[in-house]
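Going by my numbering, the first residue of the sequence shown is number 172, and it counts up by one from there.
Ideal Cβ placement from N, Cα and C applies to all residues, glycine included.
Structure first, then comments.
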Amino acid sequence: MSDLFDAVDAFLAEEPDDLPPPATRRALREAAGRTQEEVALALGVARATVNTWEKNRNRPQRRNFQAYRRLLKGWAAKYPHALSTTARPRAFGTSS
Numbered sequence: 172m173s174d175l176f177d178a179v180d181a182f183l184a185e186e187p188d189d190l191p192p193p194a195t196r197r198a199l200r201e202a203a204g205r206t207q208e209e210v211a212l213a214l215g216v217a218r219a220t221v222n223t224w225e226k227n228r229n230r231p232q233r234r235n236f237q238a239y240r241r242l243l244k245g246w247a248a249k250y251p252h253a254l255s256t257t258a259r260p261r262a263f264g265t266s267s
């Protein structure tokens, strides 16, 4: 039974699979002074893929999702002003 509880605890500890809105994704990247090409290179995807993520036409695959989310959260911590220029009223990665 403890294995089951451990599995549930691990599941509860996972961060939700959310990303900031597309405008915030772009604002964070631009605040960091990075191009879509640079983000694509860092994540091992095509520039067009990053473009679709920023336009919300596609979601990252699980393998890239966590890395992309981590990148965005890091930028949100470094460039909080980018969050205030988008429509989202709360900081990325916090609960409302």
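Requested in this report: Pair every Cβ in the segment 190-198 with every Cβ in the segment 223-240, then say whether three or more of these pairs are closer than 8 Å.
Outcome: yes
Requested in this report: Find the nearest neighbour of Pro-149 within the set Ala-203, Arg-234, Ala-178, Met-172, judged by alpha-carbon distance.
Outcome: Any question about residue 149 goes unanswered here, given that the chain covers just 172 to 267.
Requested in this report: Determine, using beta carbons only, whether Leu-254 and Leu-190 come nearer to each other than 9 Å.
Outcome: no
Query raised in the report: Along the chain, where does the alpha helix (DSSP H) that runs through Leu-254 open and close?
Result: 251-255
Query raised in the report: From which residue to which residue does the alpha helix (DSSP H) around Leu-190 run?
Result: Careful: Leu-190 lies outside any alpha helix (DSSP H) and carries neither H nor E.
Query raised in the report: Between the C-alpha atoms of Thr-220 and Val-210, what's the straight-line distance to the nearest angstrom?
Result: 10 Å
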